[in-house]
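90 is the number of the first residue of the sequence shown in the numbering used here; add one for each residue after it. Note that beta-carbon positions come from the ideal geometry of N, C-alpha and C, so glycine has one too. Shown next, in structure tokens, is the structure this report addresses.
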Amino acid sequence: MEKEGSIYFITQNCLIKGESEDMKCNAAIVLGMLYYDKEIKPERRKILIQQLKVGLREGEQSKIAQQILETISGLAVRQQRKFRNLE
């Protein structure tokens, strides 16, 4: 339950209402990592991926770009596993 509260807090206060693109990007990375082993609602997935793409376009730091790509990859792998289980 504590994890759910943290996810909600980060989503609302950092990803959606974040004061800067940097804050939103970091929130998207953290949330992506938290969702590696958890089901994610399609609308949240869309918001996360959109923000990660913004971070890639604006990210000049190679470390941040690497984290973004790893997060997107993790979300994609999670989604792929979900579809395989449905077959």
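> How should Gln139 be labelled, buried or exposed, when 16 other C-beta atoms within 10 angstroms of its C-beta is the threshold for buried?
Replying inline: By the 10 Å Cβ count, Gln139 comes out exposed.
> Which full runs of the alpha helix (DSSP H) of 4+ residues lie inside the stretch 108-139, going along the chain?
Replying inline: If only complete runs of 4 or more residues are kept, the stretch 108-139 shows the alpha helix (DSSP H) at 110-123, in order along the chain.
> Between Tyr125 and Glu147, what straight-line distance do the alpha-carbon atoms span, to the nearest angstrom?
Replying inline: C-alpha of Tyr125 to C-alpha of Glu147: approximately 24 Å in a straight line.
>> Using the Cβ count rule (16 or more neighbours within 10 Å means buried), how would you classify Ile118?
In response: Ile118 comes out buried.
> From Asn181 to Gly94, what does the alpha carbon distance come to, in whole angstroms?
Replying inline: Outside the shown range of the chain, which is 90 to 176, sits residue 181, and nothing can be said about it.
>> Here's the rule: buried if 16 or more other CB atoms are within 10 angstroms of the residue's CB, otherwise exposed. What is Lys113?
In response: Around the beta carbon of Lys113, a 10 Å sphere encloses 16 or more other beta carbons of the protein chains shown; the residue is thus reported as buried.
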